[in-house]
Amino acid sequence: MSAIYIGVMTGTSMDGVDIVATSFDPLTLHATLTVPFEPELRDELMALTLPDDNEIDRMGKADVALAQMIGHGINQLIEQNNLDRTQIKAIGSHGQTIRHRPEYGFTLQIGDPNIITEITQLPVVSDFRRRDMAAGGQGAPLVPAFHQALFQHESIHRVILNLGGISNVSMLPANNSNAVYGFDTGPANILMDAWCQRHTGNPYDENGDWAAYGQPIRSLLDRLQTHEFFAKEPPKSTGREDFNLEWLDDQISDWRNDLDYNELEDTPENVQATLMKLTTRAIKKAIYRSKDLMPTGEVYVCGGGAYNSHLLEQLRWRLRKHNWSVQTTDALGLAPTWVEATAFAWLAMRFIQQLNGNLPTVTGASGDRILGTITAV
5 MSAIYIGVMT GTSMDGVDIV ATSFDPLTLH ATLTVPFEPE LRDELMALTL PDDNEIDRMG
65 KADVALAQMI GHGINQLIEQ NNLDRTQIKA IGSHGQTIRH RPEYGFTLQI GDPNIITEIT
125 QLPVVSDFRR RDMAAGGQGA PLVPAFHQAL FQHESIHRVI LNLGGISNVS MLPANNSNAV
185 YGFDTGPANI LMDAWCQRHT GNPYDENGDW AAYGQPIRSL LDRLQTHEFF AKEPPKSTGR
245 EDFNLEWLDD QISDWRNDLD YNELEDTPEN VQATLMKLTT RAIKKAIYRS KDLMPTGEVY
305 VCGGGAYNSH LLEQLRWRLR KHNWSVQTTD ALGLAPTWVE ATAFAWLAMR FIQQLNGNLP
365 TVTGASGDRI LGTITAV
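Sequential numbering of the sequence shown, starting at 5, is according to the working numbering.
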């Protein structure tokens, strides 16, 4: 049997730790597990994404707690599925991003790999982003290299659209490995989840039903789109530092002071519909910007947003003009939930084989780089 790699991913949405055990050539998922965050740890991780008091001590405690959670989760995955530890080559652990500042040349993921190795007695490859940044890159997104290896087609243009907390695209021109590129398009679930939690008590808008009940507010949408991130040219990446509930509250407050403010439009469900339109419009713009290279093709959606049926319906409607089809990565043989964790298993494999894990056309790095560092047993 081929070597097994374990991939671990905790994303911007912070809804849990996804763990997969997989082998490659061909891709085979041997086991999967999602470990939900304890509310106290999730709240602390959320808080650490923005500046506050006593950050270093709080970060250190969260670093340990998250690593323990990941380590025990991996052991649970191995034991429940009777995996042979001798076949497991390495763990690829992304860790939780608590600060991503490419404009300052740094990014920070926590979840101490030393603790994960102690608990699992397996080598851990981690710290995937900083080598790319050291080479002048954004350090993100990293998954397009995996998308290219797994999903690029000889005759059909494809876009892999990840809808996590942040939305990002991997543009895969048919039979042209040198033209692959990708970037973050802006918020996906990060604002919609927070707004839904505040006004309904639910952690997310199931199927987008609440957003479907509302109507987008044009004047608010116009204000949200003035965020400087949307005007940037790729390569570009973003996170909770740019798009968060505090930012949204400020924008809504300013909008309410506008001369064209209409009080009748000011309902929570209309704001939710506006946030969804903010997401879909940015995605449409990202895909259509490549119309000369990729005039039409297939969009495959992964991440938690792949299960938001109203969001997918809105994307299909927006992309119909150029006959782009929209479906989930289930159609390609990999469930949307497990794409990112599998990508970090793949990046661990690339490190072990001493092969590059970045795409300079995506991140803006000055060249190919081997990503990650290893914590040996």
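Ideal Cβ positions, reconstructed from N, Cα and C, are used throughout, including at glycine.
Q: Buried or exposed for residue 108, please, with buried defined as at least 16 other CB atoms from any protein chain shown within 10 angstroms of its CB.
A: Burial is judged here by how many other beta carbons sit within 10 angstroms of a residue's own beta carbon; residue 108 has fewer than 16 and is exposed.
Q. For residue 156, which residues from the same chain have a beta carbon less than 6 angstroms from its beta carbon, with the 5 sequence-adjacent residues on both sides left out?
A. Excluding residues within five positions, the ones whose Cβ falls inside 6 angstroms are 176.
Q: List the endpoints of the continuous alpha helix (DSSP H) containing residue 365.
A: 364–367
Q: Sort out for me which residues DSSP pairs residue 330 with in a bridge.
A: 303
Q) By Cβ distance below 6 angstroms, which residues in the same chain neighbour residue 180 in space, the five residues on each side in sequence not counted? A) none
Q) Can you tell me the Cα-Cα spacing of residue 272 and residue 232, whole angstroms? A) Computed Cα separation, rounded: 25 angstroms.
Q: Determine the direct distance from the alpha carbon of residue 250 to that of residue 341, and round the result to whole angstroms.
A: 28 angstroms
Q: Report the residue from 361, 212, 217 and 95 whose alpha carbon sits nearest the alpha carbon of residue 269.
A: 217
**Q.** Contact check, residue 121 vs residue 379, beta carbons under 8 angstroms
**A.** yes
Q | Simplified DSSP assignment, three categories, for residue 21 | A | strand
Q. Between residue 319 and the rest of its own chain, which residues show a CB-CB distance below 6 angstroms, the 5 nearest in sequence each way excluded?
A. 284 and 330
Q: Label residue 344 either buried or exposed according to how many other C-beta atoms from any shown protein chain fall within 10 Å of its C-beta, with 16 as the threshold for buried.
A: With 16 or more Cβ atoms within 10 Å of its Cβ, residue 344 is classed as buried.
Q: Within its chain, find whatever has a CB closer than 7 angstroms to the CB of residue 15; leave out the 5 residues flanking it on each side and keep chain order.
A: 168, 169 and 344
Q: Report, in whole angstroms, the separation of the C-beta atoms of residue 45 and residue 69, which I expect to be a contact under 8 angstroms.
A: 5 angstroms
Q: Could you tell me if residue 312 is buried or exposed, where buried requires 16 or more neighbouring beta carbons within 10 angstroms of its beta carbon?
A: buried
Q | Buried versus exposed, by CB contacts within 10 Å (16 or more), residue 297 | A | Residue 297 comes out exposed.
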